[in-house]
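Asks: Take this structure first; my questions come after.
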């Protein structure tokens, strides 16, 4: 095990040299960035194995010896290396000697290894905490990131900053104002792109939850029209929102009536709309699916429309 730790320390030494001393990169090209990224992936994988095997303290003793030998002023722990790829991503954004073309190639490597969702979270964290946010925005624009994504990251960063400064009420007012200006798709996008259970994520979904307590059709319609993966993330992010969304779905079903052999409603929802939403709920986590099935079994005793839903979605 000691030899394994020593091998990992060698890679960490290489990684820290880059992060702490950018000048070690005499030539920054795709090859050097790829080598650095591979080192980060290796470090993350090893950190996970060390954590899973509960060897954190043992490894940190080796880390301490390494820091003493290197006369490090910064104290490192295992947690500092669990997101090594994100640290290198931030380094690439900030380091002026790295060209936009090199950053673009690095992003492709990052997305291939870590995925788009992690990339969005990483950029959000960088934008929130980095002093050079404007420079990073310029890089993102030059790399032809969608303007809407950049705007969303700026807004999330701004709102998070307001909350950290104790101005939570102001952010709530901005959310409410955005809703009343019919910018509901933007709010849905912000809730989806924000980190689960983060302050902004919670504030938006809490407001949505309040609206659905009154079965707000305008909000429900926009949620119905969003992508399945987006809706499911919001539902799983906030339990009260999930409960109220399910309640509103069944409220809409209960208020449907037959007309010319078809189920319709005064709100404009059709049987196909109801079926589509039930299928989304059934495709969610087991607890969500089971809750929906139980609700259908009860609802069909009172409303015939749910007999068809049970037949088409469950049986």
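In the numbering used here, the protein residues as written are 265 to 579. Note that CB positions come from ideal geometry on N, CA and C, so glycine has one too. Every value quoted in this text rests on a predicted model; they were computed, and no experiment measured them.
Within the continuous alpha helix (DSSP H) that includes residue 502, where are the two ends?
Replies: Sequence index remark: in the chain shown, residue 502 carries index 238 (1-based). Unbroken run through residue 502: none, as it is neither H nor E.
Asks: Mind checking who residue 521 pairs with in its DSSP beta bridge?
Replies: Position 257 of the chain shown, counted from the start, is the residue given in the question as residue 521. According to DSSP, residue 521 bridges with 528.
Asks: In angstroms, rounded to a whole number, what distance separates the CA positions of residue 357 and residue 270?
Replies: Here residue 357 corresponds to residue number 93 of the chain shown, with the count starting at 1. Here residue 270 corresponds to residue number 6 of the chain shown, with the count starting at 1. Answer to the nearest angstrom: the Cα atoms are 30 Å apart.
Asks: With DSSP collapsed to three states, give me the class of residue 395.
Replies: On the chain shown, residue 395 is found 131 positions in, with the first residue counted as 1. Confidence at residue 395 is low in this model, with a pLDDT of 46, below 50, so the placement of that residue should be treated as unreliable; the coordinate-derived value is given next. In this structure, residue 395 counts as coil in the three-state DSSP scheme.
Asks: Could you give the residue range of the alpha helix (DSSP H) that holds residue 563?
Replies: Indexing the chain shown from 1 puts residue 563 at position 299. Unbroken alpha helix (DSSP H) run through residue 563: 550-563.
Asks: Quick check for students: name the residue ranges of the alpha helix (DSSP H) that lie wholly in the region 416-455, counting only runs of 4 or more.
Replies: 432-444
Asks: By the DSSP assignment, the alpha helix (DSSP H) with residue 340 in it spans what residues?
Replies: The residue given as residue 340 occupies position 76 in the chain shown. Run containing residue 340: none; DSSP gives neither H nor E here.
Asks: Any idea if residue 556 is buried or exposed, counting beta-carbon neighbours within 10 angstroms, 16 or more meaning buried?
Replies: Stepping through the chain shown from its first residue, residue 556 is reached at position 292. So residue 556 counts as buried.
Asks: Nearest CA to the CA of residue 499: which residue from 277, 472, 521?
Replies: Along the chain shown, one-based indexing puts residue 499 at 235. Nearest C-alpha to residue 499: 472.
Asks: I need the straight-line Cα distance from residue 395 to residue 483, nearest angstrom please.
Replies: Position 131 of the chain shown, counted from the first residue, corresponds to residue 395. Position 219 of the chain shown, counted from the first residue, corresponds to residue 483. For residue 395, the predicted structure reports a pLDDT of 46, less than 50, and the residue's modelled location is therefore unreliable. A value from the coordinates is still provided. Cα to Cα, the separation comes out at about 36 Å.
Asks: Determine, using beta-carbon pairs with one atom in the region 340-353 and one in the region 315-330, whether at least three such pairs fall under 8 Å.
Replies: yes
Asks: Looking only at its own chain, which residues have a Cβ that is under 7 Å from the Cβ of residue 531, when we skip the five neighbours before and after it?
Replies: Position 267 of the chain shown, counted from the first residue, corresponds to residue 531. These residues qualify, in order along the chain: 481, 516.
Asks: Should the region 461-475 be called in touch with the region 493-511, which here means at least 3 C-beta pairs below 8 Å?
Replies: yes
Asks: Terminal residues of the continuous alpha helix (DSSP H) containing residue 314?
Replies: Taking the chain shown and counting its residues from 1, one reaches residue 314 at position 50. 294-316 is the extent of the alpha helix (DSSP H) around residue 314.
Asks: Is the region 271-284 touching the region 292-311 in the sense that three or more CB pairs, one from each, lie closer than 8 Å?
Replies: yes
Asks: When the Cα atoms are used, what is the spatial distance from residue 560 to residue 452?
Replies: As a working note, residue 560 is residue 296 in the chain shown. As a working note, residue 452 is residue 188 in the chain shown. Answer to the nearest angstrom: the Cα atoms are 27 Å apart.
Asks: Does the region 568-578 come within contact of the region 533-540, defined as at least 3 CB pairs closer than 8 Å?
Replies: Pairwise C-beta distances place the region 568-578 in contact with the region 533-540, as three or more of them are shorter than 8 Å.
Asks: Can you tell me which of the three DSSP states residue 568 falls into?
Replies: The sequence position of residue 568 within the chain shown is 304, counting from 1. Note: residue 568 maps to coil in three-state DSSP.
Asks: Could you tell me whether the Cβ atoms of residue 359 and residue 390 are closer together than 8 Å?
Replies: Taking the first residue of the chain shown as 1, we reach residue 359 at position 95. Taking the first residue of the chain shown as 1, we reach residue 390 at position 126. For residue 359 and residue 390, no; Cβs fall outside 8 Å.
Asks: Return the CA-CA distance between residue 445 and residue 347, expressed in angstroms with no decimal places.
Replies: Position 181 of the chain shown, counting from 1, holds the residue named residue 445. Position 83 of the chain shown, counting from 1, holds the residue named residue 347. Going by the C-alpha atoms only, they are around 39 Å apart.
Asks: Excluding the 5 residues flanking residue 460 on each side, which residues of the same chain have their C-beta closer than 6 Å to its C-beta?
Replies: Within the chain shown, numbered from 1, the residue matching residue 460 stands at position 196. Hits under 6 Å: 501.
Asks: Give the single residue among 280, 338, 518, 380 whose Cα lies nearest to the Cα of residue 565.
Replies: Within the chain shown, the letter at position 301 stands for residue 565. Of 280, 338, 518, 380, the residue nearest in Cα terms is 518.
Asks: When every heavy atom of the ligand GTP is checked, does at least one fall within less than 7 Å of the C-beta of residue 514?
Replies: In the structure shown, the ligand GTP is absent, as is every other ligand, since no ligand is present at all.
Asks: So which of 301, 468, 423, 419 has the shortest CA-CA distance to residue 443?
Replies: Within the chain shown, residue 443 is the residue found at index 179, counting from 1. Considering only alpha carbons, the answer is 468.
Asks: Exposed or buried, what is residue 332 when buried is set at 16 or more other beta-carbons lying within 10 Å of its beta-carbon?
Replies: By 1-based counting over the chain shown, the position of residue 332 is 68. Counting the other CB atoms within 10 Å of its CB gives residue 332 a total below 16, which places it among the exposed residues.
Asks: So for residue 533, helix, strand or coil by DSSP?
Replies: Counting from one through the chain shown, the residue named residue 533 turns up at place 269. Coil, per DSSP.
Asks: Please report the residue range of the alpha helix (DSSP H) in which residue 324 lies.
Replies: The residue you call residue 324 lines up with position 60 of the chain shown. It spans 320-334 - the alpha helix (DSSP H) in which residue 324 sits, taken as one unbroken run.
Asks: Excluding five sequence neighbours on each side, which residues of the same chain lie with their C-beta closer than 8 Å to the C-beta of residue 388?
Replies: Taking the chain shown and counting its residues from 1, the one referred to as residue 388 is at position 124. The residues 417, 420, 421, 457, 458, 459, in chain order, have a CB closer than 8 Å to that of residue 388 in the same chain once the five nearest residues on each side in sequence are set aside.
Asks: Taking residue 354 as part of the alpha helix (DSSP H), name the residues at either end of that continuous run.
Replies: In the chain shown, the residue the question calls residue 354 occupies position 90. First-last of the alpha helix (DSSP H) with residue 354: 348-358.
Asks: Starting from residue 368, trace the alpha helix (DSSP H) both ways and give me its first and last residue.
Replies: On the chain shown, residue 368 is found 104 positions in, with the first residue counted as 1. From DSSP, the alpha helix (DSSP H) with residue 368 extends over 364-378.
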